[in-house]
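Right, one structure below, let's go through it.
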Amino acid sequence: MQIPDRMYDFVVVGAGAAGCVLAAGLSARPDQTVLLIEAGPADHDPRIARPAAWPGLLGSELDWAYRTVPQAALDGRRLAWPRGRVLGGSGAINAMVHIRGAACDFDAWSQWGGEEWTAAAFLPWLERLEAPAGSCAPGAIPVAENTAPHPFAAAFVAAAQKAGLPANPDFNAGSQEGVGLYRTTVTAGGPGAAARRANTAFTHLRPVLERPNLTVLTDAQVLRIEVSAGGARGVRVRHAGVVHTVGATTEVVLCAGTVASPQLLLLSGIGPADALAELGIASTTDLPGVGANLHDHVQVSLAYDTTEGHPVADRSNLGEAGGFVTVLPHSPAPDIQLSFAPMKDLNNASRLGWGFTIGPALTRPRSRGRLTLDPADPLGHPLIDPAYLTDPADLDTLVEGVRLAQEIAATDPLGSLRPAPLPTPLATRAELAQFVRANAQTQFHPVGTCRFGPDDDELAVVDRRLRVRGVAGLRVVDASVIPRMITGNIHAAVAAVAERAVGFIQEDAT
């Protein structure tokens, strides 16, 4: 399709978990025109809808296929960093686990965001997103309970309880501690309609696509934000081989994610002025924090063969079970998230139904990295350095997570699924630490590269209402604004940030 107009009230860049919510919310007012731009294609690939098919989307044409720079604390390895490049963004290729996070996470946000970001202020936005799986009302995300778990997932929950962890029937009911079956963002299905992925492209954007004031442009890559006289005036976008300038009369809103949002700011001259000068990019706004504060949940897969196999249902998200465990003294919330799947490796579906994996992950990593432009190709993939495990406390915590995962894997009924005799577990701290360094990988939850903060915080990229500091008419609304990681999967929190931002934008426009 061609761009039908060259001027809109709002230009939203990125149709991921946040962008779909934002475009739907802004276009609810018929007097506002909204253009939603997505670099990838429309979400017609049938694998997106099938919950069990998501591992096949990693590394596919629907994945940006980013890689980190070599990680010194991970034996110099470069890690794959899957991010969705399709309508729905990473919510179109994720494992659909629905976790709100711990209340203390959002109370911690308030040190950067004030009263509008406390748990009491933010949790209602999470709650309003949710609906029972049988309800597909527009603008609500169906949250499904797992009433028919895979036999291996049920065995994991039983084994973890035998190992001393409490049962938790709902990780979103107030306390996260314990083990159980995850709730997922999957529709209930029924006669003639299979259960399917219910990301925000399906729940928020699809029901409103016929609005005359909403235009969705796919296969279009934004090259930079047009900034003049201290304000964002629109974007430069390449579509069908032609570069266009599209104007925004009210705001440009970046929803391109933790990688692409800071990259677009940097390409537009918004970022550390000295670093931009070295690349020959004229600085429009000196913001040292752009690309900083990068952090991610990091996990380790402990994979095992089984002596027998069980088929995996199409409706399964594969990561059916898990838990949260506190291993450090005085922690405000669990330090380790355990994820379980009936396959050998949490990031692919090898031996699906004929093996299992337990993956301990850090819930609130202390290590911080940075994203920068690649001097050899600023428009290409940026240099991503999450600096995994550079804070020694992160390694210490993961070591305890691996120790616990080994114990659960050896406990019946899970242990009896494995071929005998069971191998000798890693025992010494040195053995466990080396295993972590050799096997740690992303849990797909990067945040923080455009974090919010008060006006006197020189490393804050956006203010408490997500407006880019020093640039009028420009906002960032996605995982990059999160100042500190939450305890668990981030998809729900990102969608709630977008719901909150719709209110900010409408309030600020009046």
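With the first letter of the sequence shown counted as 1, position 417 gets the number 417 in UniProt numbering; the numbers rise by one all the way through.
A virtual CB, placed ideally from N, CA and C, is assigned to each residue, including glycine.
Note that this is a predicted model, so its numbers are computed, not measured.
Can you tell me where the alpha helix (DSSP H) with GLN434 in it begins and where it stops? 429-439
What are the complete alpha helix (DSSP H) segments, minimum 4 residues, inside the segment 128-202? 151-162, all fully within the segment 128-202.
Segment limits, alpha helix (DSSP H) that includes THR258: 257-267
Taking 7 Å as the limit between beta carbons, can you name the residues of its chain near THR187, skipping five residues before and five after? ALA133, CYS136, PRO142, ALA195, ARG196, ALA198
Pull up the distance between the alpha-carbon of ARG128 and that of VAL21, whole angstroms please. 13 Å
Quick check: the segment 270-283 against the segment 306-315, are there 3 or more CB pairs under 8 Å? no
With distances taken from CA atoms, which of TYR8, ILE99, LEU459, VAL468 is nearest ALA292? Across the set TYR8, ILE99, LEU459, VAL468, the C-alpha of LEU459 shows the shortest separation from the C-alpha of ALA292.
Are the CB atoms of PHE504 and TRP112 within a distance shorter than 9 Å? no
When DSSP builds the beta bridges, which residues end up paired with HIS239? ALA220, VAL242
In the DSSP assignment, find the alpha helix (DSSP H) that holds ASP408 and state where it starts and stops. Looking at the sequence shown, residue 408 is not Asp but Ile. Per DSSP, the unbroken alpha helix (DSSP H) holding ILE408 starts and ends at 392-409.
PRO166 versus GLU177: straight-line alpha-carbon distance, rounded: 7 Å
Count the other C-beta atoms from every protein chain shown that fall within 10 angstroms of the C-beta of GLY14, then say buried if there are 16 or more, exposed otherwise. buried
When the Cα of LEU371 is compared with those of VAL97, HIS295, PRO360, which residue comes out closest? HIS295
Quick one: which unbroken alpha helix (DSSP H) runs of 4-plus residues sit fully inside the segment 55-106? Chain order, please. none
Using the C-alpha atoms, what's the distance from PRO55 back to SER301? 15 Å
Determine the closest residue to ALA383 out of ALA65, ARG224, PRO212, with distance taken between C-alpha atoms. It should be noted that the sequence gives Leu, not Ala, for residue 383. It is ALA65 whose Cα lies nearest to the Cα of LEU383.
Could you give the distance in angstroms between the alpha-carbon of GLY415 and the alpha-carbon of LEU209? Going by C-alpha positions, GLY415 is about 50 Å away from LEU209.
For the segment 445-502, list the beta strand (DSSP E) runs that are entirely contained and at least 3 residues long, ordered along the chain. 474-476
Roughly how many whole angstroms lie between the Cα atoms of LEU126 and GLY322? 21 Å
Going by CA-CA distance only, name the one from ALA232, ALA220, LYS162 that's closest to LEU241. Residue identity differs from the one stated: residue 241 is Gly in this sequence, not Leu. Residue ALA220 is the option with its Cα nearest to GLY241.
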